[in-house]
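Take the sequence shown: its position 478, counted from the start at 1, is 477 in numbering that gives the first Met the number 0, and no numbers get skipped. Idealized CB from N, CA, C, for every residue including glycine. Small disclaimer: the values here were computed from a predicted structure and weren't measured. Notes follow the structure.
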Amino acid sequence: MKINTEKEQTMEGKQNTEGMKEKKGMTASEYITGLLRDISKEPQIKNGKNGELYIPLPEKEFQETVPVLDREEFILLGLFCVQDFEGENEEKGENEEGGEKGENEENEEKGGKGGKGEKDKAEAPAFTLFYAFRKRGFSEVFVFLHPVKTEASSIAKTFPSACWYEREIRDGFGLDFPDAFDKRRLFLHEAYPEGFHPLLKSFENGKIRTIENPQENYPFKRLEGEGVYQIPVGPVHAGIIEPGHFRFSVIGEPIFNLEIRMFYKHRGIEKLAEGKPPAACLPIAEAISGDESAANSVAFCTAVEKLAGLRVPERAEYLRAVLLELERIHSHLGDLAGMATDVGFPRITSPFLILREEIFRQNDVLTGSRFLKGAVDIGGMKQDIPDKLLEKLASYLENFEGRFEKAFRTAMSSSSLIDRFSTSGVIKKKLITPLNLTGPIARASGAAYDVRTTHPYGIYGKIPPERKVLSTGDVLSRFEVKAAEVRASRALIRKLVLEIPAGPVLCPPPVAGIRDGFALSMVEAPRGQTLHWVYVKNGLVDRYKVRTASFCNWKAVEHAVLDNIVPDFPLINKSLNLSYAGTDL
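In structure tokens, the structure reads:
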């Protein structure tokens, strides 16, 4: 079996993409207009702040569009809801007849005293659903949006990854999807009272009265048959680990079904951001997932910077990339060590953990934080990192290389380790598109996708990373891909340090504040594609939507364990190393 390198696949994909565009001669806007020609005669396509395209459609037209998107192999990146979205009205400022609004009309729309706006809003809040897609061959993100009142049609039968999004929206806003195949709660566990929807504007963040002894249990899917039994694992686990419940169905030893339940760590991250100035939300973004602080802070800042029209200084872009790659290195080192631990090889574990600790110490020297918190700021960096410290980092990474390669060779020379890793926890390539699997786990299963090259941000458009793609999709492939990414990140950091320009590291936001509007940003976090959408209204954050790679990638675990035995689950789970907190928000 021939295993192509990422470079070979990327070049092949690039040639195909360029050929398609050259042959069709279409921009993303022209392409989507042509695609919708038979559904919507004149779709009102608008350019977003960060290269995304917004396509408003009535729900009926959007539902007619869904099978077309499926046929054209669009990939659902995210689905989220916004209450009282005024994106259209903010720009028009006029009534339907084109004249200025009268005082009574304004009072009614705002729900002012004597008007009916407040009553109507209380009876049926106005919601807008946003569906973000990507299409191979285009760097732009296609965002379809349509208004709804109390319910919307499900698209989960066509795009399976929509299932969790729809359940999340139902919990958060009370918006129903009557034809959904899964109507169970998602992040609102049984202790939350009925009718409680914390993302509604009418809910003020604070303590709530929970149900002390819920009478109903979560309805796990029950599989019955001769010899079938269930093994519940969690949510409380041995050691220092976040909570999550895993319900196995087995016959003898092989697993033939796994259902995962998360959201025991729900913190209301998105609600916490509401009504705050964008600068006050940066610490919230950093706290989404502790070991992806740099990725989430860069994603949040990028969205706000696009709104404000800020141009981040070039030196700051280099420094951000250095921190992002350091974060990737320490994340992957932890994974490599953890996989060895889960098959009982502490001798192989220790060298990786020692290197990881040294990277944490480098982080602390550079930024004052082992996890890179408080370093990134809106407009660039909170403070410069002196060239002398960067040179010391480059010198350390030169020494790092030999020690890392020795540890890797030791691992790969163990026949017992190879035996445990090989063929365990296979993730099939056919799952990548319907579940929107990204990051190392997708690149270990044959997908070349990487946000840094497909949707370049920061310095990555100028200095792209080297990547490796394997096709087997097992634990061994994930081990090799993550090791390759440690090497690539090390090399990239040394290159960045060598080429970093002098200059300022911060472009301060305008004195008048961040302009109203909305923008989407994506980054390639250590675990994969992470999406942030920020909506600012009257200078304050009105809606902040975050979707980390873990939110999508957790579904891969349910498939990876099939036909494996339960004792291999910790190894398979660790090879993905997904974030509980980053999913629960």
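Coarse secondary structure for residue i, derived from DSSP in three states
i	result
R246	strand
T32	helix
A125	coil
D334	helix
G97	Bear in mind that a pLDDT of 36 at G97, under 50, signals an unreliable position, so the number given afterwards is only what the model happens to contain. Correct three-state label for G97: coil.
Y228	strand
T582	helix
V556	helix
A151	coil
Y191	coil
F568	helix
V297	helix
A524	strand
D363	helix
D418	helix
P439	helix
V235	coil
C-alpha distance - residue i paired with residue j, whole-angstrom precision
i	j	result
L325	E165	35 Å
I250	S574	24 Å
A279	M380	16 Å
V235	M261	12 Å
E215	I240	27 Å
L68	A336	41 Å
I431	V425	12 Å
L144	A559	33 Å
S248	V227	7 Å
P277	V540	6 Å
G92	G47	Note on G92: pLDDT 37, under 50, position unreliable in the model; no value is reported.
G111	K428	Low per-residue confidence applies at G111: pLDDT is 37, beneath 50, and the placement is therefore not dependable, though the value from the model is reported in the following sentence. Approximately 55 Å between the Cα atoms of the pair.
V321	V375	12 Å
M411	G401	15 Å
E590	D178	Not covered by the structure: residue 590. The range shown for the chain is 0 to 584.
P638	E252	The structure shown does not extend to residue 638, since the chain spans only 0 to 584, so no value can be given for it.
E108	G581	Here E108 scores only 37 on pLDDT, less than 50, and its place in the model should not be relied on; the value that follows carries that caveat. Roughly 37 Å between the two C-alpha positions.
F137	F420	36 Å
L352	H329	9 Å
G205	T340	41 Å
E189	E498	55 Å
Beta carbon of residue i nearer than 8 Å to that of residue j
i	j	result
F550	V485	no
F79	F126	no
E71	S39	no
N49	A284	no
D515	V535	yes
H265	F359	no
L561	F255	yes
S578	S160	no
T32	P42	yes
C506	R319	no
G86	F517	yes
K494	I458	no
P525	H331	yes
D473	T422	yes
V468	A490	no
Q361	Y395	yes
V504	A298	no
L257	V556	yes
I440	N552	yes
F399	L354	yes
F132	I74	yes
Opposing strand residues paired with residue i [DSSP bridges]
i	result
Y543	V533
D376	G379
E258	R246
F132	L75 and F141
C162	BP columns for C162 are empty, so no partner.
K467	Beta-bridge pairing links K467 to no other residue.
L519	W532
N46	L52
L505	G379
V81	T127
D175	E150
Whole-angstrom C-beta distance between residue j and residue i, which should lie under 8 Å
i	j	result
F176	E150	7 Å
E269	P500	Not confirmed; about 37 Å, so no contact.
T529	A294	6 Å
D449	R466	6 Å
V140	L76	7 Å
E51	V142	5 Å
Cutoff 8 Å: residue i Cβ touching any chain C Cβ
i	result
I440	This model lacks chain C altogether, as it is built from one protein chain only.
The ligand GTP heavy atom lying under 7 Å from the CB of residue i
i	result
T582	Within the structure as shown, the ligand GTP is missing, as the structure has no ligands at all.
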